[in-house]
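Asks: What follows is a single structure, and I will ask about it in a moment.
There are 2 protein chains.
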Amino acid sequence: MVNLSLKDAHSLAVKCLLANGCDEANAEAAAGRMMQAEGDLCASHGLFRLPWYCSGVNSGRVNGKAKPTIEQLAPAVVRLDGDGGFAPLGQEIGHHALVECTRQNGIAALAVTNMFHIAAMWPEVERLADEGLCAMAFTASYPYVAPAGGIKPLFGTNPMGFAWPRKDAPPLVFDQASSAMARGEIQIAARDGHSVPETAGIGPDGETTTDPNVVLEGAQLGFGGYKGASLAMMIELLAGPLIGEFLSYESAADDAGKGGPPKGGELIIALDPAKFGDAEGFLAHGEKLFKAILEQEGTRLPGARRFIERKKTPQTGIEIPDSLYDTIQGLM
Amino acid sequence: MVNLSLKDAHSLAVKCLLANGCDEANAEAAAGRMMQAEGDLCASHGLFRLPWYCSGVNSGRVNGKAKPTIEQLAPAVVRLDGDGGFAPLGQEIGHHALVECTRQNGIAALAVTNMFHIAAMWPEVERLADEGLCAMAFTASYPYVAPAGGIKPLFGTNPMGFAWPRKDAPPLVFDQASSAMARGEIQIAARDGHSVPETAGIGPDGETTTDPNVVLEGAQLGFGGYKGASLAMMIELLAGPLIGEFLSYESAADDAGKGGPPKGGELIIALDPAKFGDAEGFLAHGEKLFKAILEQEGTRLPGARRFIERKKTPQTGIEIPDSLYDTIQGLM
Numbered sequence: 310m311v312n313l314s315l316k317d318a319h320s321l322a323v324k325c326l327l328a329n330g331c332d333e334a335n336a337e338a339a340a341g342r343m344m345q346a347e348g349d350l351c352a353s354h355g356l357f358r359l360p361w362y363c364s365g366v367n368s369g370r371v372n373g374k375a376k377p378t379i380e381q382l383a384p385a386v387v388r389l390d391g392d393g394g395f396a397p398l399g400q401e402i403g404h405h406a407l408v409e410c411t412r413q414n415g416i417a418a419l420a421v422t423n424m425f426h427i428a429a430m431w432p433e434v435e436r437l438a439d440e441g442l443c444a445m446a447f448t449a450s451y452p453y454v455a456p457a458g459g460i461k462p463l464f465g466t467n468p469m470g471f472a473w474p475r476k477d478a479p480p481l482v483f484d485q486a487s488s489a490m491a492r493g494e495i496q497i498a499a500r501d502g503h504s505v506p507e508t509a510g511i512g513p514d515g516e517t518t519t520d521p522n523v524v525l526e527g528a529q530l531g532f533g534g535y536k537g538a539s540l541a542m543m544i545e546l547l548a549g550p551l552i553g554e555f556l557s558y559e560s561a562a563d564d565a566g567k568g569g570p571p572k573g574g575e576l577i578i579a580l581d582p583a584k585f586g587d588a589e590g591f592l593a594h595g596e597k598l599f600k601a602i603l604e605q606e607g608t609r610l611p612g613a614r615r616f617i618e619r620k621k622t623p624q625t626g627i628e629i630p631d632s633l634y635d636t637i638q639g640l641m
Numbered sequence: 310m311v312n313l314s315l316k317d318a319h320s321l322a323v324k325c326l327l328a329n330g331c332d333e334a335n336a337e338a339a340a341g342r343m344m345q346a347e348g349d350l351c352a353s354h355g356l357f358r359l360p361w362y363c364s365g366v367n368s369g370r371v372n373g374k375a376k377p378t379i380e381q382l383a384p385a386v387v388r389l390d391g392d393g394g395f396a397p398l399g400q401e402i403g404h405h406a407l408v409e410c411t412r413q414n415g416i417a418a419l420a421v422t423n424m425f426h427i428a429a430m431w432p433e434v435e436r437l438a439d440e441g442l443c444a445m446a447f448t449a450s451y452p453y454v455a456p457a458g459g460i461k462p463l464f465g466t467n468p469m470g471f472a473w474p475r476k477d478a479p480p481l482v483f484d485q486a487s488s489a490m491a492r493g494e495i496q497i498a499a500r501d502g503h504s505v506p507e508t509a510g511i512g513p514d515g516e517t518t519t520d521p522n523v524v525l526e527g528a529q530l531g532f533g534g535y536k537g538a539s540l541a542m543m544i545e546l547l548a549g550p551l552i553g554e555f556l557s558y559e560s561a562a563d564d565a566g567k568g569g570p571p572k573g574g575e576l577i578i579a580l581d582p583a584k585f586g587d588a589e590g591f592l593a594h595g596e597k598l599f600k601a602i603l604e605q606e607g608t609r610l611p612g613a614r615r616f617i618e619r620k621k622t623p624q625t626g627i628e629i630p631d632s633l634y635d636t637i638q639g640l641m
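Line by line, the protein sequences are chains A and B.
Quick note, in our numbering, the first sequence goes up one by one and the last residue is 641.
Quick note, in our numbering, the second sequence goes up one by one and the last residue is 641.
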């Protein structure tokens with residue numbers, strides 16, 4: 310393993326992105342997103358993704374010099390055109406517009422379009438909760454998950470992020486796929502020769518299996534079966550047709566086998582609890598729920614681990630596999 | 310079984326509610342809701358609930374003569390004060406305000422407060438989709454579901470409803486609990502001596518079980534485990550602290566063992582796809598997804614069965630058990 314300070318890891322990512330056709334603004338934004346993940350010890354959304362970012366730009370699919378623009382579509386709806394770049398730079402611009410629009414209207418939506426969202430979703434919702442807002446975010450991906458009753462992949466693993474502001478504590482945040490397992494978890498199980506739970510997916514014949522290779526040839530399943538599939542379908546509609554963006558299977562067709570990251574959209578909804586009738590009480594009221602959860606042995610709040618790691622990594626730095634470090638060096 | 314025409318069933322429900330302290334407007338709205346369920350052959354939300362409605366009014370907890378009022382809290386936020394009555398009358402008033410507010414702003418929220426929501430959720434979202442809007446609804450209930458890692462009930466079974474308008478077809482609608490099973494399904498399994506899947510819940514000792522009686526003494530689990538529990542927690546926040554209403558455990562404390570329906574709130578979010586940048590294309594685009602789902606053998610769209618039944622029941626009428634019919638007669 311190679312140990313890197315967060316600062317050095319950030320510089321490495323920026324340098325690599327610049328060497329692969331990104332301009333300063335896009336490289337900084339994408340690297341910043343990877344560092345948020347690394348800082349929380351969520352390596353699967355960190356430098357691990359850098360080669361994928363680079364391949365996206367190198368194949369010409371991703372615009373490394375994107376200049377995202379915003380447009381007000383309705384009093385409470387803002388659209389961000391990502392100009393074909395990676396999501397983080399556009400989200401940065403869209404965030405401020407969404408906060409302002411939400412404070413004015415009580416609830417507002419940001420339709421993020423024409424971009425490549427290949428990062429975790431918690432940063433965008435957490436950041437809104439840092440502003441005192443409640444937030445939800447939805448994005449589609451590639452067709453990996455079978456519809457209820459079917460056996461062929463159609464929906465993305467379609468994550469949903471949620472955040473709620475807390476009193477004297479970091480926000481309550483979760484970010485979970487609609488599928489029983491993340492795509493990457495199944496790929497890693499296949500690589501390492503491990504089995505997966507039989508709720509994870511089915512083979513091409515529609516039969517349940519614990520062999521990750523068979524799931525990768527077949528289809529993943531929604532979490533909790535048909536209910537997770539319903540959520541995946543909902544997210545297809547919200548991040549696709551609602552905002553004029555790709556369904557997961559359209560995104561795969563657009564990629565046309567090049568193997569780059571999925572192009573598509575994201576819907577972010579923010580609500581200002583101060584405009585919902587309990588401006589004085591909502592924060593303390595939320596804390597009553599969290600207290601009741603934590604009073605039970607064995608519980609923790611979603612996202613809690615990340616906030617603990619986040620305090621440590623500025624001192625300890627992070628570790629990445631030698632192979633990844635070498636790959637990155639080879640990209641420059 | 311007693312066979313009733315929908316019209317006679319409606320009259321029966323209205324008469325019973327009037328005899329138990331509801332005024333005409335409240336009785337008509339509540340009966341109308343039960344008839345929507347009966348007409349779709351969802352008996353568990355139909356006349357089956359009438360004795361519960363009556364007991365709520367009789368115990369003095371529910372205001373059978375509620376006069377719901379609406380208030381604009383922000384440009385895109387409307388609050389409905391249910392005046393302590395059953396939800397359907399307030400929802401009727403709130404619906405029109407929400408539609409207007411959504412068309413103006415692109416997205417809007419209706420905070421339904423101070424009411425008793427003991428019906429299915431699909432009617433409110435389906436009705437919004439009938440207006441061409443996309444809709445989501447969330448409500449809490451009583452503490453039945455354990456938080457992730459815990460063993461004591463804290464969250465409600467907390468359903469979420471979703472609807473999407475379709476082209477030349479009834480809306481796409483789903484309405485699903487955050488728990489693996491509905492409360493009523495477990496109660497019915499206990500009554501009939503059937504077992505439940507071991508994903509349904511745990512006993513008071515925290516061990517999984519297939520005995521519904523043990524689950525009823527212990528706690529239900531979220532669908533798909535911790536992910537469903539995350540959704541249940543989210544819905545507690547949206548239908549509770551966000552809008553200044555009860556958490557599920559506060560609702561149980563308010564009931565104080567009387568055994569009536571839960572008092573609380575509901576959040577409804579509506580989005581106008583015509584204001585999200587693809588007014589011309591969103592309907593046809595959604596249909597592409599539905600076509601891709603239905604091309605797979607064994608699939609159907611959520612809610613499809615209900616629309617089929619709905620065409621039949623005006624001719625066939627409905628059937629209710631003799632015991633329920635006798636109970637209702639005894640209430641008048």
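Glycine is no exception: its CB is placed at the ideal position from the N, C-alpha and C atoms.
Quick caveat, the model's predicted, so the values are computed rather than measured.
Alpha carbon to alpha carbon, what distance is there between L382 of chain B and D514 of chain A?
Replies: 54 Å
Asks: Under the rule that 16 or more other beta-carbon atoms within 10 Å means buried, what is H426 of chain B, buried or exposed?
Replies: buried
Asks: Can you pull the chain B neighbours of T608 of chain A, defined as C-beta to C-beta under 8 Å?
Replies: P456, A457, G458, G459
Asks: Taking only beta-carbon atoms, is G553 of chain A less than 7 Å away from chain B?
Replies: yes
Asks: Taking the alpha-carbon positions, what's the D477 of chain B to T608 of chain B distance?
Replies: 20 Å
Asks: Assuming L556 of chain A and L551 of chain B form a contact by the criterion Cβ under 8 Å, report the distance between their Cβ atoms to the nearest whole angstrom.
Replies: Their Cβ separation, rounded to whole angstroms, is 31 Å, which puts L556 of chain A and L551 of chain B out of contact at 8 Å.
Asks: Looking at C-alpha atoms only, which residue of B:V482, B:L398, B:P582, B:L326 is the closest neighbour of A613 of chain B?
Replies: B:V482
Asks: Relative to the C-alpha of P661 of chain A, which candidate in A:G569, A:P611, A:M310, A:Q345 has its C-alpha closest?
Replies: In the structure displayed, chain A extends from 310 to 641; residue 661 of chain A sits before or after that span and is not available.
Asks: Taking DSSP as the reference, what is the three-state secondary structure of K572 of chain B?
Replies: Here K572 of chain B carries a strand assignment [DSSP, helix/strand/coil].
Asks: Would you identify the three-state DSSP class for T518 of chain A, choosing helix, strand or coil?
Replies: coil
Asks: Against chain A, which members of the region 417 to 442 of chain B pass a CB distance test of less than 8 Å?
Replies: So the close ones are A417, A418, A420, T422.
Asks: Using 8 Å for Cβ pairs, my map puts A318 of chain B next to E347 of chain B. What's the rounded Cβ distance?
Replies: Correct: roughly 6 Å between the Cβ atoms.
Asks: On the criterion of 16 or more Cβ atoms from any shown chain inside 10 Å, does E435 of chain A qualify as buried, or is it exposed?
Replies: Buried, because 16 or more other Cβ atoms sit within 10 Å of the Cβ of E435 of chain A.
Asks: So D587 of chain B contacts chain A; which residues on that side make the cut at Cβ distance below 9 Å?
Replies: Neighbours of D587 of chain B in chain A, taken as residues at a C-beta separation under 9 Å, are given in chain order as P550, L551, I552, G553, E554.
Asks: Return the first residue and the last residue of the alpha helix (DSSP H) that N335 of chain A is part of.
Replies: 333 to 348
Asks: When you compare the CB of G415 of chain B with every CB in chain A, is at least one pair closer than 7 Å?
Replies: yes
Asks: Compile a chain-ordered list of the residues in the region 386 to 399 of chain B whose CB is closer than 7 Å to at least one CB of chain A.
Replies: V386, R388
Asks: Taking all protein chains shown into account, do 16 or more other C-beta atoms lie within 10 angstroms of the C-beta of K567 of chain A, making it buried, or fewer, making it exposed?
Replies: exposed
Asks: Flag L407 of chain A as yes if its beta-carbon sits less than 7 Å from any beta-carbon of chain B, otherwise no.
Replies: No Cβ of chain B is located within less than 7 Å of the beta carbon of L407 of chain A.
Asks: Mind checking which residues open and close the beta strand (DSSP E) that includes T466 of chain B?
Replies: Unbroken run through T466 of chain B: none, as it is neither H nor E.
Asks: Around the Cβ of D631 of chain A, are there at least 16 other Cβ atoms within 10 angstroms (buried) or fewer (exposed)?
Replies: exposed
Asks: Buried or exposed for M490 of chain B, please, with buried defined as at least 16 other CB atoms from any protein chain shown within 10 angstroms of its CB.
Replies: buried
Asks: Quick check: T422 of chain B and E554 of chain B, are their CB atoms within less than 7 Å of each other?
Replies: yes
Asks: Helix or strand or just coil, what does DSSP make of R615 of chain A?
Replies: For R615 of chain A, the secondary structure class from DSSP, reduced to helix, strand or coil, is helix.
Asks: Going straight from the alpha carbon of E401 of chain B to that of G415 of chain A, what length do you get?
Replies: 22 Å
Asks: Please report the straight-line C-alpha distance between M424 of chain B and A583 of chain A, rounded to a whole angstrom.
Replies: 21 Å
Asks: Which chain B residues are close to A601 of chain A, counting only those with a beta carbon under 7 Å from its beta carbon?
Replies: Within chain B, L463, Y558 have C-beta atoms less than 7 Å from the C-beta of A601 of chain A, given in sequence order.
Asks: If you measure from the beta carbon of F471 of chain B to each beta carbon in chain A, is any gap under 7 Å?
Replies: yes
Asks: Apart from the five residues on each side of it in sequence, which residues of its chain come closer than 8 Å, Cβ to Cβ, to E467 of chain B?
Replies: Per the sequence presented here, residue 467 of chain B reads as Asn, with Glu not at that position. So the list reads F447, T448, A449, S450, V454, A486, S487, S488, L540, A541, I544, E545, A548, S557, once near-sequence residues are dropped.
Asks: Can you list, in chain order, the residues of its chain whose CB lies under 8 Å from that of G594 of chain B, leaving out five sequence neighbours each side?
Replies: Gly is not the amino acid found at residue 594 of chain B; the sequence shown has His there. D587.
Asks: With DSSP as the reference, please indicate the residues paired to T378 of chain A in a beta bridge.
Replies: A:D390
Asks: Give the secondary structure of D587 of chain B by DSSP, where H, G and I count as helix, E and B as strand, and everything else as coil.
Replies: coil
Asks: Going by beta-carbon coordinates alone, are T517 of chain B and S504 of chain B separated by less than 7 Å?
Replies: It is not a contact, given that the beta carbons lie outside the stated cut-off.
Asks: Once you ignore the five residues that flank P377 of chain B on each side, which residues in its own chain have a CB closer than 7 Å to its CB?
Replies: Closer than 7 Å at Cβ, skipping near neighbours: L389, D390, G391, D392, G394, L398, G399, I402.
Asks: Spell out whether any CB of chain B is found under 7 Å from the CB atom of K476 of chain A.
Replies: Cβ-Cβ to chain B under 7 Å: no for K476 of chain A.
Asks: Sort A:K324, A:K374, A:A385, A:P384 by Cα distance to P360 of chain A and report the nearest one.
Replies: A:K324
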